[in-house]
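To start, the structure itself, in C-alpha cells.
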Amino acid sequence: MSNMNKSRIEILKMKAKRKASRKELIDELTNIVTISMDSFMDAESNDLFCKELFNTLEQNSNIKNFGSTDYEENRRLSIALLKETAKTIQFPVNQGRLFFSKGGKFEAVKLNIAEVFDNLEELSTISRFLTGYADFILVGDDLEYGVCIERTEYHYEFSMWGITKI
Numbered sequence: 409m410s411n412m413n414k415s416r417i418e419i420l421k422m423k424a425k426r427k428a429s430r431k432e433l434i435d436e437l438t439n440i441v442t443i444s445m446d447s448f449m450d451a452e453s454n455d456l457f458c459k460e461l462f463n464t465l466e467q468n469s470n471i472k473n474f475g476s477t478d479y480e481e482n483r484r485l486s487i488a489l490l491k492e493t494a495k496t497i498q499f500p501v502n503q504g505r506l507f508f509s510k511g512g513k514f515e516a517v518k519l520n521i522a523e524v525f526d527n528l529e530e531l532s533t534i535s536r537f538l539t540g541y542a543d544f545i546l547v548g549d550d551l552e553y554g555v556c557i558e559r560t561e562y563h564y565e566f567s568m569w570g571i572t573k574i
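Residue numbers (my numbering): 409 to 574.
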C-alpha cells in the first residue's frame, strides 16, 4: 500500500473516530439540552477556534482568583459563582459555544445559553470541568464574549469579557 493510501486511511479513521465521539456526546446531552450534529464545527474550524480562544485567554488581564488547593471547595465555589454571574449579566446573543473535553480533544459545541445555565451542574460534569479534567469555557462564535473558569494548581481563575452587567 502506498504512503498516500495509508495517509488517506488514517485521515478516514480519525474522521470516523471524531464522528463517533460527537455522536456519543450528542447521546449524552440530548435529554439535557437542544443539540444536533449542526451544533459542532468541522474539525479544522474547531481546532483553529480553540487556538484563537487560548490566545484570547492568554491576553485577558481581567482575571479574578478564587478558591484554594481544596478541589471539592473549588467545585462548589465555581458553580455558585457561575450561577450568580448568570443572574447578573446579559449575553449579547442566545447561543454560545460550551467546551467539552472528549478523548483528548476539545469540542466547542453551540448550545442555548439559557439551557446551559439551567443545567449547569450536569453540563459541567459532562464537559469534565467538575471532574477536574477541563476548564469551564462558554464563548461566542467570534469570541466577542466569554465566561471562563480556568483551573490552576493553587486556585481557580475566573474571567469574563464582552458581557453587559445588569
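Ideal Cβ positions, reconstructed from N, Cα and C, are used throughout, including at glycine.
Bridge-paired residues (DSSP) for residue i
i, result
"CYS556", "ILE545 and SER567"
"LEU506", "VAL517 and LEU546"
"GLN498", "THR572"
Through-space distance from residue j to residue i, alpha-carbon basis
i, j, result
"ASN463", "LYS472", "18 Å"
"TYR564", "ILE545", "13 Å"
"ARG426", "PHE514", "11 Å"
"ILE487", "PHE537", "10 Å"
"VAL501", "GLY570", "11 Å"
"PHE474", "SER415", "46 Å"
"GLU558", "SER410", "44 Å"
"CYS458", "ARG483", "24 Å"
CB contact flag (residue i, residue j, <8 Å)
i, j, result
"LEU456", "LEU551", "no"
"GLY504", "VAL547", "yes"
"LYS510", "LEU433", "yes"
"SER567", "ASN468", "yes"
"THR477", "TYR541", "no"
Among the options, the one whose alpha carbon lies nearest that of residue i
i, options, result
"CYS556", "ILE419, ALA494 and GLU432", "ALA494"
"ASP435", "ILE534, ILE574, SER567 and GLU523", "ILE534"
"VAL524", "ASP478, TYR541, LEU506 and SER444", "LEU506"
"SER453", "VAL517, ILE417, LEU465 and ASN411", "VAL517"
"PHE349", "SER429, LEU485, GLU418 and LYS573", "Residue coverage of the chain in this structure runs from 409 to 574, which leaves residue 349 outside it and unanswerable."
"ILE574", "ILE497, ASN470 and SER469", "ILE497"
"LEU519", "THR560, ALA451, ASP549 and ILE417", "ASP549"
Proximity test, Cβ basis, 8 Å: residue i and chain B
i, result
"ARG505", "No chain B appears in the structure shown, which is made up of a single protein chain."
Is the segment 436-443 touching the segment 527-539 in the sense that three or more CB pairs, one from each, lie closer than 8 Å?
Result yes; three or more Cβ-Cβ pairs closer than 8 Å.
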